[in-house]
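Okay, so here's the structure we're looking at.
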Amino acid sequence: MATSKIKKGDLVKVIAGRDKDKEGKVISVDRKKNRLLVEGINMITKHTKPSMANQQGGIVHQEGPIDASNVMYLHKGKPTRIGFKMDGDKKVRFAKSTGDIID
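Mapped onto this note's numbering, the consecutive letters of the sequence shown carry residue numbers 956 to 1058.
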(Lines of atoms letter the chains of each structure in order from A and count residues from 1; the text may use other names and numbers.)
(Lines give C-alpha, C1' and ligand atoms only; values in the text may rest on other atoms or scores of the structure.)
Protein backbone atom coordinates (compact mmCIF):
# COMPACT_ATOMS: atom_id res chain seq x y z
CA MET A 1 0.00 0.00 0.00
CA ALA A 2 1.22 3.51 -0.82
CA THR A 3 2.24 5.87 1.97
CA SER A 4 -0.45 8.31 3.03
CA LYS A 5 0.40 11.88 2.04
CA ILE A 6 -1.54 13.39 4.95
CA LYS A 7 -0.71 12.39 8.52
CA LYS A 8 -2.17 12.91 11.97
CA GLY A 9 -1.42 16.42 13.25
CA ASP A 10 -1.19 18.05 9.79
CA LEU A 11 -3.05 21.29 9.13
CA VAL A 12 -5.39 20.89 6.14
CA LYS A 13 -7.90 22.94 4.13
CA VAL A 14 -11.17 21.44 2.83
CA ILE A 15 -11.45 21.93 -0.94
CA ALA A 16 -14.81 20.21 -1.61
CA GLY A 17 -18.11 19.54 0.12
CA ARG A 18 -20.26 21.26 2.71
CA ASP A 19 -17.32 22.61 4.73
CA LYS A 20 -15.37 23.97 1.73
CA ASP A 21 -12.65 26.57 2.59
CA LYS A 22 -12.56 25.61 6.29
CA GLU A 23 -9.25 24.67 7.92
CA GLY A 24 -8.47 22.23 10.70
CA LYS A 25 -6.00 19.83 12.26
CA VAL A 26 -6.13 16.12 11.37
CA ILE A 27 -7.23 14.06 14.40
CA SER A 28 -6.95 10.58 12.86
CA VAL A 29 -6.32 8.83 9.55
CA ASP A 30 -8.02 5.65 8.29
CA ARG A 31 -5.59 4.43 5.62
CA LYS A 32 -7.74 1.48 4.53
CA LYS A 33 -10.79 3.60 3.71
CA ASN A 34 -8.70 6.69 2.78
CA ARG A 35 -10.68 8.89 5.21
CA LEU A 36 -9.71 11.50 7.81
CA LEU A 37 -11.17 13.05 10.94
CA VAL A 38 -10.49 16.79 10.93
CA GLU A 39 -11.03 19.05 13.96
CA GLY A 40 -14.29 21.03 13.56
CA ILE A 41 -15.04 19.70 10.05
CA ASN A 42 -18.08 17.59 9.00
CA MET A 43 -19.73 17.83 12.42
CA ILE A 44 -22.47 15.26 13.08
CA THR A 45 -25.00 14.89 15.89
CA LYS A 46 -25.09 11.51 17.58
CA HIS A 47 -27.79 10.38 20.01
CA THR A 48 -26.24 8.32 22.81
CA LYS A 49 -27.85 6.14 25.46
CA PRO A 50 -26.80 6.59 29.08
CA SER A 51 -23.85 4.32 29.91
CA MET A 52 -21.17 3.97 32.56
CA ALA A 53 -18.87 6.30 30.61
CA ASN A 54 -21.61 8.84 29.82
CA GLN A 55 -24.13 8.85 32.70
CA GLN A 56 -26.30 11.58 31.17
CA GLY A 57 -26.63 10.29 27.60
CA GLY A 58 -28.25 12.70 25.14
CA ILE A 59 -27.07 14.43 21.97
CA VAL A 60 -23.33 14.54 21.25
CA HIS A 61 -21.70 16.64 18.51
CA GLN A 62 -18.60 15.07 16.97
CA GLU A 63 -16.51 15.07 13.80
CA GLY A 64 -17.46 12.74 10.97
CA PRO A 65 -14.98 11.20 8.53
CA ILE A 66 -14.12 13.07 5.32
CA ASP A 67 -12.45 11.63 2.23
CA ALA A 68 -8.74 12.40 1.94
CA SER A 69 -9.21 13.62 -1.65
CA ASN A 70 -11.36 16.51 -0.36
CA VAL A 71 -8.55 18.14 1.65
CA MET A 72 -5.22 19.78 0.82
CA TYR A 73 -2.18 20.16 3.06
CA LEU A 74 -1.51 23.72 4.27
CA HIS A 75 2.12 24.82 3.99
CA LYS A 76 2.84 28.33 5.32
CA GLY A 77 -0.89 29.12 5.15
CA LYS A 78 -1.33 28.09 1.50
CA PRO A 79 -2.75 24.81 0.17
CA THR A 80 -0.23 22.67 -1.66
CA ARG A 81 0.17 19.19 -3.06
CA ILE A 82 2.57 16.79 -1.40
CA GLY A 83 5.28 14.69 -3.03
CA PHE A 84 7.89 12.25 -1.81
CA LYS A 85 11.63 12.33 -2.44
CA MET A 86 14.73 10.74 -1.04
CA ASP A 87 16.81 12.89 1.32
CA GLY A 88 19.98 10.85 1.54
CA ASP A 89 18.70 7.42 2.53
CA LYS A 90 15.45 8.72 4.07
CA LYS A 91 12.10 9.14 2.28
CA VAL A 92 10.58 12.56 3.11
CA ARG A 93 7.48 14.55 2.19
CA PHE A 94 7.88 17.88 0.42
CA ALA A 95 5.56 20.71 -0.64
CA LYS A 96 5.31 20.72 -4.43
CA SER A 97 4.60 24.48 -4.59
CA THR A 98 7.81 25.55 -2.81
CA GLY A 99 9.96 22.42 -2.74
CA ASP A 100 10.40 22.71 1.06
CA ILE A 101 10.77 19.50 3.06
CA ILE A 102 7.83 18.99 5.43
CA ASP A 103 9.23 16.29 7.71
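Even glycine gets a Cβ: it sits at the ideal position worked out from N, Cα and C. Note that the structure is a prediction, hence the values are computed from the model and not measured.
_9 Å Cβ cutoff met for residue 1026 and residue 991_ = Start at 1 with the first residue of the sequence shown, and residue 1026 comes out as number 71. Start at 1 with the first residue of the sequence shown, and residue 991 comes out as number 36. In this structure, residue 991 lies closer than 9 Å to residue 1026 by Cβ.
*Closest by CA to residue 1032, which one among 1017, 1024, 1016, 1050?*
Position 77 of the sequence shown, counted from the first residue, corresponds to residue 1032. Cα-wise, what sits closest to residue 1032 is 1050.
_Please identify the residue among 966, 959, 962 whose C-alpha is closest to the C-alpha of residue 1034._
Within the sequence shown, residue 1034 is the residue found at index 79, counting from 1. Cα-wise, what sits closest to residue 1034 is 966.
*Can you name the start and end residues of the beta strand (DSSP E) that residue 998 belongs to?*
The sequence position of residue 998 within the sequence shown is 43, counting from 1. Element bounds for residue 998: 998-1003.
*asked:* Could you compute how far the alpha carbon of residue 954 sits from the alpha carbon of residue 972?
replied: The first residue shown for the chain is 956 and the last is 1058, placing residue 954 beyond what the model contains.
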